[in-house]
Structure formats: structure tokens, C-alpha cells
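What follows is a single structure, written as C-alpha cells, with notes after it.
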Ligand code: DSN
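In our numbering, the protein residues as written are 6 to 429.
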């Protein structure tokens, strides 16, 4: 096909022929991603290559088991793809053993819990409102319902993890596992200090690096691999390898982890997603990805600095990672995170309302907003653009009902998305 024919045919013409309603929604989603600023800290834009791999015919294949030891015939190409994903992951993170089959970060955590805990065993993890994650033991999640959970908090004054406090809490609670790794913690995690707390009570240490997989792989964040007993992550956030999860551990835990994932917690792996992981990991094994990861962090710092200049309270005073957590209460006592999220979405900037340490509102309409830079950095944004983004956030949050302000902000979003196109 000529370029013109390809453009005319459109991205989803097979889907359109079979199902116009779904094709419309898929087209609209591409348009939405092109025309908005994706700042949900856990999101990113994968490459066309990862998209293609995830849309491949491997979706048809059952491959229960592991390469060379499957329960079904016809797995030779599934084996190739899974072996490539594993080898590349080992190289990226330096792990002895890798399981690439978890369907998500939560499934990866479930795999580790299944491998090492019995129902009623004890988990010590960070409170959700302080930046933890549901799968670390929230009462609404299987982990909270299956295990006995106690939670630690960040220091209310500094917003940093309190490693001494964690150790004291561990000595009192005597957990079977301490979970480190977070979904709304903007500072570098000192995994050795968490390990010291775990060692003090002879507990396992599970480091969930879902948010920072890419930063760790690129060496711009300390690595827990070789420190913690188990490292879990998701593969679609900072690592840009498409939706899924991953577990890393030493060889001595390999069989326990593999058996816990399959047949313990999952059935057939999503081999098309494993193919996406393989392709995304290959892309991440390049100097270009290292530069990307460093830019993600530089951009987050630029965003935090400019928001602070506008008078916003940045939790912990800044960031070392890909995300910025803003406590709106001191600067905008009458504006909830939900109001800010809605007004920003109206102008095309998509982030999420988030709880903050010492939360005084509800998780459904909390007091903060969380903004991440992985997606915008993939689009090619640098620090200068992040300052413009911070100005949009500040102007809209200062006047969420002012239509003139919002029209100006929407025009600036259009300018930024035009300057840095996506999925052309
Ligand atoms: N829901 C993701 C996040 O936004 O942090 C984590 O699973």
C-alpha cells in the first residue's frame, strides 16, 4: 500500500469492518491520547512495535507452563518469545531469575504472597493514603482479606519514609514480609534500610517497583535487585513494555515463584502481552532509554519546582522520581483533588486526584493531585515544556470555574500536543 492508502485505510479498518462501534471507540482513544497531556503517573505511551506485538496472533495460544515444559502442543514460538523476554529482563535488572507471566503488578504481588505466605500470615506495608497500593494489604483487596496486615506511614513532617520507625514497628509486629515500593511516593527508596528492618525480624522483603521499573532499569533509581528477596513490578509504566507484570528473585526462590504464578495464581499466560514485554525490554536495553529515564526524572523536578514557585505545597518538598504529589490544602483549602482533576481534564490535562499523607478528606475526593512525567517525556517534552505544563496546572487550579482561563489553558494544551505529536 502507498502511504496515502495506508492513511486512508485508517488504523483499525479490520475492526471497523467487523464492529464499527468498537472501531469508533478505539479511534477516539487514539485521538484522546494524541490531544491530551497524559500525566497519570502510572501511565505511559508504548511504541508502535510494542502495540503491534501485543496485538499479535499469540493472543490465540495457550501456553500453560514454562518454556520447554508446556502443557499444550504448538508452543515453540511462544517459548521463543518468553525466553527472549526473560533474558532481556535479566539483563535489564540484573536478576538471577525472572518470571514474566504475571498479568499485572497486582498478580505479581499475588504470586509472591502465594509462594511465601499462608493465610493469616503477616504483611507490613505502607498505608494506601501515604502512597502504598491496594495489593499491599488494603481491606478491600484479596491481600487485606487473606493476611494479617499492619501498615506504616511516612513521616508527617517531612513526607519521607521513616526507616527507623519502620524497624521499630517491625520489631513490635513481627511480620512475615515487609513490602516496600509505592504508587505515590515521590522520593528515592532506600531499599537497604528496608532490608535491615526485615533482617532484624527475619522477615522476607518484597520490593514492589511497579512505578519505577524503568528508572531502576536505567540506573536513575537505586535497585532493590540483589537486596530484597523478591522484586515485583508492572511493565507498562516507566518501562514502556506494555501491560503486564513481572517477578524477579534469586535462583533459590525460582521454583517457588514459578509454581506460585502457574498453577498457583494464574492459568495460561497472556502470550501476546509477553511478546510486548520482550519488545519493550529490548527497546529499554539502549542508551536512548537511559537518556529517556533521566529526562523523566529531570522533568518531574522541573514540574515540582515550577509548581512550588506558584505556591503549591509539594509533598516532601520535591521529587527524586517520575512523580510529583501536591497537597492542595495549604494553598487551595477549598479546592479538592477531584475539583482540580475535573477542571484539568476539561482543558486536556489528565492527572489524578490522590490522597496525601495526613489525609483529612475521603479517598473518593481527596486533598491532593498526583502528576507524572513518563508519558509526556515519551512525547519528547523537556524541562521548558514542563514549566508550561506547570503553568497550565496552576492557572486552572487557581480558577477551576473560570471559562476564560480554561479556554487559554486548552489552547496551550493544543499547542503542546501539536509540538510533540504522538502515534502519527
Ligand atoms: N493504579 C496504579 C497507579 O495509578 O498507581 C497502580 O496499580
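Glycine is no exception: its CB is placed at the ideal position from the N, C-alpha and C atoms.
#1: Could you please give the first and the last residue of the uninterrupted beta strand (DSSP E) stretch that includes residue 209?
#2: Cβ of residue 214 within 7 Å of Cβ of residue 238?
#3: Below 8 Å, can you find three or more Cβ-Cβ pairs linking the segment 116 to 129 to the segment 272 to 291?
#4: Can you tell me which of the three DSSP states residue 244 falls into?
#5: Buried or exposed: residue 297, going by 16 or more other Cβ atoms within 10 Å of its Cβ?
#6: If distances are taken between C-alpha atoms only, which option among 188, 218, 365, 130 comes closest to residue 210?
#7: Tell me where the alpha helix (DSSP H) around residue 337 begins and ends.
#8: Use the C-beta contact count for residue 365: other C-beta atoms within 10 angstroms, 16 or more gives buried, fewer gives exposed.
#9: Give a single yes or no on whether residue 47 has its beta carbon closer than 6 Å to a heavy atom of the ligand DSN.
#10: Please name the residue, chosen from 304, 247, 303, 313, that lies closest to residue 284 on a Cα-to-Cα basis.
#11: Quick one, which of 59, 190, 267, 172 has its alpha-carbon nearest residue 72's?
#12: For residue 415, which residues of its own chain have a beta-carbon under 8 Å away from its beta-carbon, when the five flanking residues on both sides are left out?
#13: Measure from the alpha carbon of residue 332 to the alpha carbon of each residue in 326, 316, 181, 347, then state which is nearest.
#14: Kindly indicate which three-state DSSP category residue 7 falls into: helix, strand or coil?
#15: Report yes or no: do the segment 184 to 195 and the segment 135 to 154 share at least 3 C-beta pairs separated by less than 8 Å?
#16: Is it buried or exposed, residue 59, if we count other Cβ atoms within 10 angstroms and call 16 or more buried?
#17: Any idea what DSSP makes of residue 427, helix, strand or coil?
#18: Under 6 Å from any heavy atom of the ligand DSN, does the C-beta of residue 52 make it?
#19: Just mark residue 357 as buried or exposed, buried being the case when its beta carbon has 16 or more other beta carbons within 10 Å.
#20: Under 7 Å between C-beta atoms, does residue 260 make it to chain D?
#21: Identify every run of the beta strand (DSSP E) within the segment 169 to 226, keeping only runs that are complete inside it and at least 3 residues long; order them along the chain.
#22: According to DSSP, simplified to helix, strand and coil, what is residue 318?
#23: Have a look at residue 288 and residue 173 and give me their C-alpha separation to the nearest angstrom.
#24: The alpha helix (DSSP H) spanning residue 147 covers which residue range?
#25: If contacts are defined as beta-carbon pairs under 8 Å, then residue 169 and residue 362 qualify, I think. What distance do you get, rounded to the angstrom?
#26: Count the CB pairs spanning the segment 222 to 233 and the segment 73 to 87 that are closer than 8 Å, and state whether there are at least three.
#27: Suppose you measure from the CA of residue 299 to the CA of residue 223; what does that come to, to the nearest Å?
#28: Regarding residue 188 and the ligand DSN, is the C-beta to nearest heavy atom distance less than 6 Å?
#29: Using only CA atoms, which one of 147, 143, 99 lies nearest to residue 115?
#30: Helix, strand or coil: which one does DSSP assign to residue 71?
According to the structure data:
#1: Element bounds for residue 209: 209 to 213.
#2: Judged by beta-carbon spacing, residue 238 lies within the 7 Å limit of residue 214, meaning their Cβ atoms are closer than that value.
#3: Touching, no, given that fewer than three Cβ pairs across the two stretches are closer than 8 Å.
#4: Looking at residue 244 - three-state DSSP - the assignment turns out to be coil, as it is neither helix nor strand.
#5: Residue 297 is buried by the Cβ-count criterion.
#6: Among 188, 218, 365, 130, the Cα nearest to that of residue 210 is on 130.
#7: Careful: residue 337 lies outside any alpha helix (DSSP H) and carries neither H nor E.
#8: It is exposed - the Cβ of residue 365 has fewer than 16 other Cβ atoms within 10 Å.
#9: Yes.
#10: Of the candidates 304, 247, 303, 313, 247 places its Cα closest to the Cα of residue 284.
#11: Restricting attention to 59, 190, 267, 172, the CA atom closest to the CA of residue 72 is found in 267.
#12: Excluding residues within five positions, the ones whose Cβ falls inside 8 Å are 351, 352, 353.
#13: The option with the nearest alpha carbon to residue 332 is 316.
#14: For residue 7, the predicted structure reports a pLDDT of 48, less than 50, and the residue's modelled location is therefore unreliable. A value from the coordinates is still provided. Annotated three-state conformation of residue 7 is coil, per DSSP.
#15: Cβ pair count under 8 Å is three or more, so yes.
#16: Here residue 59 is buried. Its C-beta has 16 or more other C-beta atoms within 10 Å.
#17: Here residue 427 sits in coil by DSSP.
#18: No.
#19: Counting other Cβ atoms within 10 Å of its Cβ, residue 357 reaches 16 or more and is therefore classed as buried.
#20: Looking for chain D here will not work: only one protein chain is present.
#21: Runs of the beta strand (DSSP E) inside the segment 169 to 226: 182 to 185, 209 to 213.
#22: The answer is strand: DSSP assigns residue 318 an E or B state.
#23: Residue 173 has its alpha-carbon roughly 42 Å from the corresponding atom of residue 288.
#24: It spans 147 to 151 - the alpha helix (DSSP H) in which residue 147 sits, taken as one unbroken run.
#25: A Cβ-Cβ separation of about 17 Å leaves residue 169 out of contact with residue 362 under the 8 Å criterion.
#26: With a cut-off of 8 Å, the segment 73 to 87 and the segment 222 to 233 do not count as touching, because too few Cβ pairs lie within range.
#27: Whole-angstrom Cα-Cα distance: 8 Å.
#28: The answer is yes for residue 188.
#29: In terms of CA proximity to residue 115, 147 leads the group 147, 143, 99.
#30: Three-state result, residue 71: strand.
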